[in-house]
Ligand SMILES: [Ca+2]
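Residue numbers (our numbering): 323 to 783.
The structure is reproduced here in structure tokens:
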């Protein structure tokens, strides 16, 4: 359902087809009491008394043309846009010295009426049953002109002129300053003139310059439409990519999880994609914003801490939830008189063994498990360190395990006393890579690879 309001008519479209019009009460051109109407869309009361829900509502500050409404209703992609509508326009209708200037109808058929969005219906009708009676510009002479200032430079690929009565011939002109005009083409007037350009006209100003009249009759230009090509193909793909990514991240509008830039860029891009009046410039801006947001996703918020405990000396590493320990896994610690037996979730080695393939789902502490060597201490050498008490004075054994295989200096090498560690009795069973299905495991590896690529790319930038 589409409601369109212009200067003096309100139209109701159902499924893309004109269904009803609310026009002014009088057809009399000088009935000033009923000449103007105001179209107010009561946004705050839409839906009152409706037994149901409105899922989608779009509000435009320009009148949608019948062609555009039909396009959208049929689910067709928007490929062009009239960028002259509701900009600025003026015409030279009369000559100096003409008599009867102060005539009502002459005052009504002014320049801006030809860019007010009130043109033909789909079947070409433009009488008072479907539109405003005087929604056209009227030029009295062969050299009368109509010019439009689109307010910024545009790439015009097509111009459509809808006439109530066309001149015999006219010229299309462009200008960079609105003062000096350059001829583009001379055209013979028809009911509707459609002029296409293989190379778009790069211009801010457009003029219809009359050349000759038809049977000395005035010409009536109901609407001049200047079209710019719009291509939303790339934007559509990006919107789909963003939807997939948001779903993958579990992000919603209510819970953005720190991905605000992506959520905002997606909302803007989706809005531009669905906006039937979005200009190519806006489409490209939205594309860039969403592309940037997708390429610069913040590091995952959900981190887990794994604390490695070697006889009370702790080293913590942070990694993404659901990742395998992989390169974060430390080198085997050494302890004189003992043999390192591996890492375990329990201090006494009775818990779950932890390896580089262990998938970490939550904060956890893992313990180095040692087994005492059977070789007794040499009684003749009392200076030899007591393996049970390595911190005894005279001992040169380092307190911390040596980890030469870890090149990443960003990782904390000192235990952090503020970091919470999970007590063994609070720990839940740990999933290990070995127990995962191969598909899930491959997925994790792929995710890890993608993160690395993202980081490298950032550095190159
Ligand atoms: Ca009009």
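We put the CB at the ideal spot given by N, CA and C, even for glycine. Fair warning: this is a prediction, and the values are worked out from it, not measured in the lab.
DSSP bridge partner residues for residue i (one or two, in chain order)
i, result
"residue 524", "477"
"residue 647", "Paired residues: none, contrary to the question."
"residue 335", "324, 340"
"residue 469", "412, 529"
"residue 536", "539"
"residue 595", "Partner(s): none; residue 595 has no beta bridge."
"residue 497", "527"
"residue 665", "676, 690"
"residue 484", "514, 545"
"residue 641", "626"
"residue 551", "402"
Proximity of residue i and residue j at Cβ, strictly below 8 Å
i, j, result
"residue 678", "residue 646", "yes"
"residue 396", "residue 431", "no"
"residue 557", "residue 595", "yes"
"residue 516", "residue 482", "yes"
"residue 433", "residue 464", "no"
"residue 415", "residue 462", "yes"
"residue 601", "residue 526", "no"
"residue 493", "residue 518", "no"
"residue 546", "residue 496", "no"
"residue 400", "residue 552", "yes"
"residue 665", "residue 681", "no"
"residue 488", "residue 508", "no"
"residue 405", "residue 520", "no"
"residue 544", "residue 449", "no"
"residue 566", "residue 572", "no"
"residue 403", "residue 599", "yes"
"residue 802", "residue 638", "Here the chain has residues from 323 to 783 only, and residue 802 is not among them."
"residue 324", "residue 438", "no"
"residue 624", "residue 642", "yes"
"residue 333", "residue 458", "no"
"residue 605", "residue 554", "yes"
Inter-residue Cα distance where the pair is residue i and residue j
i, j, result
"residue 655", "residue 691", "10 Å"
"residue 758", "residue 633", "Only weak support exists for where residue 758 lies, its pLDDT of 40 falling under 50; the value from the coordinates is given anyway. About 30 Å."
"residue 685", "residue 662", "24 Å"
"residue 613", "residue 391", "30 Å"
"residue 340", "residue 386", "12 Å"
"residue 467", "residue 533", "9 Å"
"residue 453", "residue 576", "44 Å"
"residue 667", "residue 676", "7 Å"
"residue 353", "residue 424", "16 Å"
"residue 585", "residue 644", "24 Å"
"residue 384", "residue 373", "29 Å"
"residue 436", "residue 344", "21 Å"
"residue 723", "residue 619", "Low confidence applies here, because residue 723 scores a pLDDT of 49, under 50, leaving its location unreliable and the question unanswered by this model."
"residue 471", "residue 510", "23 Å"
"residue 636", "residue 630", "5 Å"
"residue 342", "residue 398", "24 Å"
"residue 574", "residue 380", "21 Å"
"residue 441", "residue 484", "7 Å"
"residue 337", "residue 422", "46 Å"
"residue 500", "residue 410", "12 Å"
"residue 478", "residue 648", "57 Å"
"residue 420", "residue 603", "44 Å"
"residue 670", "residue 694", "13 Å"
"residue 363", "residue 531", "37 Å"
"residue 583", "residue 407", "33 Å"
"residue 730", "residue 653", "At residue 730 the pLDDT is 48, less than 50, meaning the model places this residue with poor confidence; the figure from the coordinates comes in the next sentence. Spanning the two alpha carbons is a distance of roughly 13 Å."
"residue 427", "residue 513", "22 Å"
"residue 504", "residue 498", "9 Å"
"residue 597", "residue 564", "18 Å"
"residue 368", "residue 393", "25 Å"
"residue 608", "residue 417", "47 Å"
"residue 473", "residue 326", "24 Å"
"residue 568", "residue 640", "24 Å"
"residue 366", "residue 502", "48 Å"
"residue 610", "residue 672", "55 Å"
"residue 745", "residue 683", "Low confidence applies to residue 745: its pLDDT is 44, below 50, so where it sits in the model is not reliable enough to give any reading."
"residue 370", "residue 331", "24 Å"
"residue 388", "residue 451", "15 Å"
"residue 447", "residue 506", "29 Å"
"residue 617", "residue 674", "39 Å"
"residue 460", "residue 361", "25 Å"
"residue 570", "residue 375", "29 Å"
"residue 650", "residue 621", "17 Å"
Touching by the beta-carbon criterion (3+ pairs, under 8 Å), the segment 524–542 and the segment 587–597:
Between the segment 524–542 and the segment 587–597, the count of Cβ pairs shorter than 8 Å is below three; the stretches do not touch.
Neighbouring residues (CB closer than 6 Å to any heavy atom of ligand 1)
Selection output, chain order preserved: 435, 436, 438, 440, 441, 457, 458, 544, 545.
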